[in-house]
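**Q**
Residue numbers (mature numbering (1 follows the signal peptide of the UniProt record, and there is no 0)): -21 to -1, 1 to 329.
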């Protein structure tokens, strides 16, 4: 009799456990089958080629995971005021996650707006913060993640490209035979962290390679190809016989510089009329120019890893999990993810 009672009790417990397991599974299925998470992506400039690549790859993820996420892209048109207004107007639209790609390098111009999102307990990803002070303002905050780049690395790799090319082709590049690499530099946005770090470490790396350098010309072009083209066209009127290299904080400015050079017959295949041009980004157009011999090299941005990080970290934030849960990413400072550059490529043949 006791054996029978124990058997009945054991059977009852087993049934209850199975029912509970089924209930749990159904709950997970219910979460999976709910409408997609709405993600607002505030992009500093939708026409920027690198950010356009990020947008395209996020859209690919959306198509592959249509039941999980719906990305809505909102263009800031290179204006922090517009971005702040867009964020403010989106606070009550039912978004599950905000991805903010800041415009301004002035942390005070955006901190207040992002803080409103945090106060409402809406998860936030700061994508490519523009200043170290902005990063520090949101370090260690709950439901906030910061995805940044190793900007020092990009400058170092630019410097290595130029150092290699200088050492391999010094007899061609050193026009006045003074053993000094005389360069022009096209910079991104003023006071922008990327501008500061890439400029500093590209030059520092050259000097560490025991290459003497001299700056002939520098201007701020806010990452813009057309500005770069006009700047080099103008500089060439007085410096054409002196410029021995052009360092650009991104590929788009490098493309503009090359257009200007080619207008004057440079970088078209004649070794005696070649000026090395280096960029950052690894854009497909830049890679094509490198293969043609018109551009010297670029530091390749790892866009697929950036995009996957946005997706994975975003879902973790929404679900209340650790930001690196289920990923190979590592966080520093609690919630900062640094994505390294993929590599650099260059054409050693002038």
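All C-beta atoms in this analysis are idealised placements derived from N, C-alpha and C, irrespective of residue type, glycine included.
These figures come from a predicted structure and were not determined experimentally.
Roughly how many whole angstroms lie between the Cα atoms of residue 194 and residue 163?
**A** For residue 194 and residue 163, the distance between alpha carbons rounds to 6 Å.
**Q** Between the C-alpha atoms of residue 322 and residue 220, what's the straight-line distance to the nearest angstrom?
**A** Answer to the nearest angstrom: the Cα atoms are 32 Å apart.
**Q** Could you tell me the distance, in whole angstroms, from the CA atom of residue 319 to the CA atom of residue 248?
**A** So the two alpha carbons sit approximately 33 Å from each other.
**Q** Which residue's Cα is closest to the Cα of residue 255: 140, 159, 115?
**A** When each option's Cα is compared against that of residue 255, the closest is 140.
**Q** Given residue 316, which residues of its chain have a CB within under 8 Å of its CB, disregarding the five upstream and five downstream residues?
**A** Excluding sequence neighbours, residue 316 sits near 124, 125, 126, 127, 288, 292, 302, 303, 308, 309, 310.
**Q** Inspect the CB distances between the segment 250 to 266 and the segment 276 to 285 and report whether three or more fall short of 8 Å.
**A** A contact exists between the segment 250 to 266 and the segment 276 to 285.
**Q** Whose C-beta lies closer than 7 Å to the C-beta of residue 297 among residues of the same chain, with five residues either side of it excluded?
**A** These residues qualify, in order along the chain: 16, 75, 76, 102.
**Q** Helix, strand or coil, according to DSSP, for residue 163 in the structure here?
**A** Residue 163: strand per DSSP, three-state reduction.
**Q** Could you tell me how far apart the beta carbons of residue 40 and residue 286 are, in whole angstroms, since I believe they sit closer than 8 Å?
**A** At roughly 7 Å, the Cβ-Cβ gap stays under 8 Å, so residue 40 and residue 286 are in contact.
**Q** Can the beta-carbon of residue 237 be found less than 7 Å from the beta-carbon of residue 229?
**A** Going by C-beta atoms, residue 237 is not nearer than 7 Å to residue 229.
**Q** Give me, in chain order, the residues of the same chain whose beta-carbon lies closer than 6 Å to that of residue 201; leave out the 5 immediate sequence neighbours on both sides.
**A** Cβ neighbours of residue 201 beyond the five flanking positions: 168.
**Q** According to DSSP, is residue 277 part of a helix, a strand, or is it coil?
**A** Correct three-state label for residue 277: strand.
**Q** Which residue comes first and which comes last in the alpha helix (DSSP H) that contains residue 214?
**A** Looking at the DSSP string, the run of the alpha helix (DSSP H) that includes residue 214 is 204 to 218.
**Q** Looking at the structure shown, is residue 254 part of a helix, part of a strand, or coil, going by DSSP?
**A** DSSP places residue 254 in coil when its eight states are reduced to three.
**Q** Within this structure, are the beta carbons of residue 144 and residue 180 separated by less than 7 Å?
**A** Not in contact: residue 144 and residue 180 (Cβ atoms no closer than 7 Å).
**Q** For residue 172, which residues in the same chain have their Cβ closer than 8 Å to its Cβ, ignoring the five residues on either side in sequence?
**A** Once the five neighbours on either side are set aside, the close Cβ partners of residue 172 are 84, 108, 109, 110, 111, 130.
**Q** Give the C-beta separation of residue 329 and residue 250 to the nearest angstrom, bearing in mind that I take them to be a contact with Cβ-Cβ under 8 Å.
**A** Rounded, the Cβ-Cβ distance is 5 Å, consistent with contact.
**Q** At the level of alpha carbons, what is the spacing between residue 177 and residue 133?
**A** Cα-Cα distance, rounded: 6 Å.
**Q** Taking all protein chains shown into account, decide if residue 294 is buried (16 or more other Cβ within 10 angstroms of its Cβ) or exposed.
**A** It is buried - the Cβ of residue 294 has at least 16 other Cβ atoms within 10 Å.
**Q** On the CB-based measure, 16 or more other CB atoms within 10 Å of its CB, does residue 26 come out buried or exposed?
**A** With fewer than 16 Cβ atoms within 10 Å of its Cβ, residue 26 is classed as exposed.
**Q** By DSSP's criteria, residue 200 is part of a beta bridge. Which residues make up the other side?
**A** Per DSSP, none; premise fails for residue 200.
**Q** According to the Cβ coordinates, are residue 196 and residue 214 closer than 7 Å?
**A** Yes. Within cutoff.
**Q** On the three-state DSSP scale, how would you describe residue 331?
**A** Residue 331 lies beyond the stretch modelled for the chain, which goes from -21 to 329, so this question has no answer here.
**Q** Give every residue of the same chain whose Cβ lies closer than 7 Å to the Cβ of residue 59, excluding the five residues on either side of it in the sequence, and list them in chain order.
**A** The answer, listed in chain order, is 82, 83, 88, 89.
**Q** Going by the CB atoms, is the gap between residue 231 and residue 28 shorter than 7 Å?
**A** Contact flag set, yes.
**Q** Taking only three categories from DSSP, how would you classify residue 260?
**A** Strand.
**Q** Tell me the start and end of each unbroken beta strand (DSSP E) in the segment 83 to 111 that is at least 3 residues and wholly inside, in chain order.
**A** Whole beta strand (DSSP E) segments, 3+ residues: 103 to 106.
**Q** Is the beta carbon of residue 55 closer than 7 Å to that of residue 61?
**A** Yes, these two residues count as a Cβ contact at 7 Å.
**Q** Which of the three DSSP states, helix, strand or coil, is assigned to residue 325?
**A** Of the three classes helix, strand and coil, the one that applies to residue 325 here is strand, per DSSP.
**Q** Put residue 70 into one of helix, strand or coil per three-state DSSP.
**A** It is coil, neither helix nor strand.
**Q** Give the straight-line distance between the Cα atoms of residue 199 and residue 174, rounded to the nearest whole angstrom.
**A** Cα to Cα, residue 199 sits roughly 9 Å from residue 174.
**Q** Pull the bridge partners of residue 269 from the DSSP assignment, please.
**A** Partner(s): none; residue 269 has no beta bridge.
**Q** DSSP puts residue 77 in a beta bridge; with which residues?
**A** DSSP, once it has assigned bridges, lists 19, 103 as partnering residue 77.
**Q** How about residue 65 and residue 51: are their beta carbons less than 7 Å apart?
**A** Taking 7 Å as the Cβ cut-off, residue 65 and residue 51 do not qualify as a contacting pair.
**Q** So, helix, strand or coil for residue 308, using DSSP?
**A** If DSSP states are grouped into helix, strand and coil, residue 308 belongs with coil.
**Q** Taking residue 271 as the reference, which of 325, 314, 218, 147 has the closest Cα?
**A** Comparing Cα-Cα distances from residue 271 to each of 325, 314, 218, 147, the minimum goes to 325.
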